[in-house]
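Quick note: the sequence shown uses the working numbering, first residue 1, plus one each step.
In this text, a Cβ means the ideal position worked out from N, Cα and C, and glycines have one as well.
Just so we're clear, the structure is a prediction, and the values are computed from it rather than from any experiment.
Remarks on the structure that follows.
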Amino acid sequence: FGMLLWELAFERFPYKDMEMPEITEHVLTKKRESLDFPDGPQEITSGFSNIIVASWNHDPHLRPVIKDLFNDFTMLIDLHGKNSSEIELVTNITDPPSSIPDIKVTVIEDHNEDLYLTSLPQSLKPIIPLEEGINAHRSSERKKAWECFEIHAELGDPKAKYWMGYYLWEGHNGPKDPEKAKKLFKEAADAGVPDAQLRYAFAISKENFQDFIKYLIKAADNGNATAQYNMADMYLKGRLGVEKDEKKGLQYLRLAALKNQPKAIEALKHYDVNAIYV
C-alpha cells in the first residue's frame with residue numbers, strides 16, 4: 001500500500017529502470033524509492049512522507065491499519081484547509097468596532113471539579129502500547145502479549161483483535177477457541193487488517209468457498225505477501241476451479257516476491273518475468 005501511495009504521489013512506476021534481481025536485492029536490504037516532494041507546505045509533505053514510510057515498513061506487523069491511515073489523512077486534510085484559508089483570513093480583516101458591547105457571563109456550577117487523574121490510585125497498571133505486546137509475542141512472552149492484545153481489543157483496535165484471534169486460534173495462552181477466533185478475525189478483516197483477512201479466509205475455507213476467495217483477494221490487494229502468493233498459485237495453475245491466467249498470476253507472484261515471500265521468490269526463477277512487463 002505504501003508503494004501505491006508513492007505511485008499516486010509521484011505519478012510514475014516504481015523501480016522503472018531496474019531488473020527483477022536488482023529490485024529484489026534493493027527491497028531485501030530495506031530500501032525503497034526516494035521521497036523527493038516538490039515545494040509545498042512543509043507539514044503536509046512531511047506528514048505524507050511519514051505515512052508512506054510507515055506503510056512500506058519492512059515488518060508488515062508494524063504497518064498502520066486502515067483506521068490509523070484514515071486519521072492521518074484527515075489530519076493532513078485539515079492542515080491543507082488551514083493553509084489555504086490563511087491568506088483569505090488576513091485579507092478579510094476589517095477595522096475593529098469603535099466600542100465593544102457589554103457581555104453577560106453566566107456562571108455554571110460544576111459538580112465534577114473533583115474528577116482529575118490525580119485522584120486515581122497510583123497502583124493502577126498502565127496500558128502498554130500494542131507494538132510492545134507484539135514484541136513480547138516475538139520474545140515468547142505470551143502472557144504479557146495476551147494481556148496487551150486483550151485490553152487493546154476491548155478498546156476496539158482492529159490489529160489487536162487480529163492478534164487476540166490468532167492466540168485463540170493457536171491456543172497460545174490457554175485452550176483453543178476457533179469460533180471466537182474466527183469472530184475476531186472477521187472483525188479485524190472487515191476493518192482492513194490484511195493479516196486478519198488472510199487468516200479469516202483460511203478459517204472459513206471449508207465452510208464458505210465464495211467468502212474464502214473474497215477475503216483472500218482482499219488480503220492480497222491490501223499487500224499481504226502470503227495471500228499474493230496464493231493468488232499467484234491459483235491463477236498460474238488454475239487451482240480451485242479458477243481459469244488459468246499467467247499474466248495475472250505473475251503479477252501477484254512478483255508483488256509477493258517484492259515483499260520477500262520465500263516461495264514466491266523461488267517460483268519466480270521458473271518464469272521470464274521481465275518479458276511480461278515490457
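Alpha-carbon spacing of residue i relative to residue j, whole angstroms
i	j	result
alanine 203	tryptophan 163	15 Å
leucine 280	phenylalanine 13	Look at the range of the chain in this structure, 1 to 278, and you will see that residue 280 is not part of it.
phenylalanine 10	glutamate 154	39 Å
glycine 285	isoleucine 217	The structure shown does not extend to residue 285, since the chain is modelled only from 1 to 278, so the question has no answer here.
glycine 223	proline 194	7 Å
lysine 31	asparagine 260	13 Å
lysine 148	leucine 253	Reading off the sequence shown, one finds cysteine at residue 148, where the question assumed lysine. The straight-line gap from Cα to Cα measures roughly 35 Å.
tyrosine 15	threonine 29	14 Å
methionine 231	alanine 225	10 Å
glutamate 33	tryptophan 169	37 Å
alanine 201	glutamate 187	13 Å
glutamate 150	asparagine 135	15 Å
isoleucine 44	serine 55	17 Å
isoleucine 265	proline 126	43 Å
aspartate 17	isoleucine 23	10 Å
proline 158	aspartate 68	10 Å
histidine 61	alanine 219	14 Å
leucine 130	proline 175	23 Å
isoleucine 276	glycine 171	Confidence in isoleucine 276 is poor, its pLDDT being 43 and thus under 50, which makes the residue's placement unreliable; the coordinate value appears in the next sentence. Straight-line Cα distance between these residues: approximately 44 Å.
lysine 183	lysine 269	39 Å
lysine 263	proline 21	16 Å
methionine 3	aspartate 59	14 Å
serine 140	glycine 133	10 Å
aspartate 221	phenylalanine 70	18 Å
glutamate 19	alanine 267	17 Å
glycine 156	histidine 137	20 Å
CB contact flag (residue i, residue j, <7 Å)
i	j	result
asparagine 173	arginine 142	yes
glycine 192	valine 65	yes
serine 49	leucine 35	yes
serine 255	glutamine 228	The identity of residue 255 in the sequence shown is leucine, whereas the question assumes serine. Yes, the Cβ-Cβ distance between leucine 255 and glutamine 228 is below 7 Å.
histidine 152	alanine 160	yes
glycine 165	alanine 189	no
aspartate 72	isoleucine 52	no
alanine 196	phenylalanine 212	no
Contact set for residue i: own chain, Cβ-Cβ below 7 Å, skip 5 residues either direction
i	result
valine 242	Met234 and Tyr235
tyrosine 271	Leu250
glutamate 88	Low confidence applies here, because glutamate 88 scores a pLDDT of 45, under 50, leaving its location unreliable; read the following figure in that light. For glutamate 88, where only same-chain residues beyond five positions count, there are no Cβ hits under 7 Å.
asparagine 57	Arg63
threonine 91	Unreliable positioning characterises threonine 91 in this predicted model, as indicated by a pLDDT of 44, which lies under 50. The coordinate reading is nonetheless provided below. Hits under 7 Å: none found.
Bounding residues of the alpha helix (DSSP H) (the contiguous stretch that carries residue i)
i	result
glycine 249	246-258
proline 126	Run containing proline 126: none; DSSP gives neither H nor E here.
alanine 191	First-last for alanine 191: undefined, no H or E at that position.
lysine 237	225-237
Three-state secondary structure assigned by DSSP to residue i
i	result
phenylalanine 10	helix
asparagine 173	coil
tyrosine 15	coil
glutamine 261	coil
glutamate 43	helix
isoleucine 276	In this prediction, isoleucine 276 scores a pLDDT of 43, lower than 50, which makes its location untrustworthy; no coordinate-derived value is stated.
proline 178	helix
histidine 270	coil
isoleucine 151	helix
aspartate 59	coil
lysine 218	helix
serine 139	coil
glutamate 25	helix
asparagine 50	helix
lysine 161	helix
isoleucine 77	helix
arginine 199	helix
lysine 30	coil
asparagine 208	coil
leucine 35	coil
glycine 156	coil
Other residues of its chain near residue i: CB distance less than 6 Å, five sequence neighbours each side excluded
i	result
methionine 75	none
valine 214	The question names valine, but residue 214 in the sequence shown is lysine. Same-chain partners within the cutoff: there are none.
lysine 244	Gly238
lysine 206	none
Residues near residue i by beta carbon distance below 8 Å, same chain, minus five either side
i	result
phenylalanine 209	Leu240
proline 178	Leu168, Trp169 and Ala203
leucine 8	none
Short CB-CB distance (under 7 Å) between residue i and chain B
i	result
alanine 188	This model lacks chain B altogether; it includes just one protein chain.
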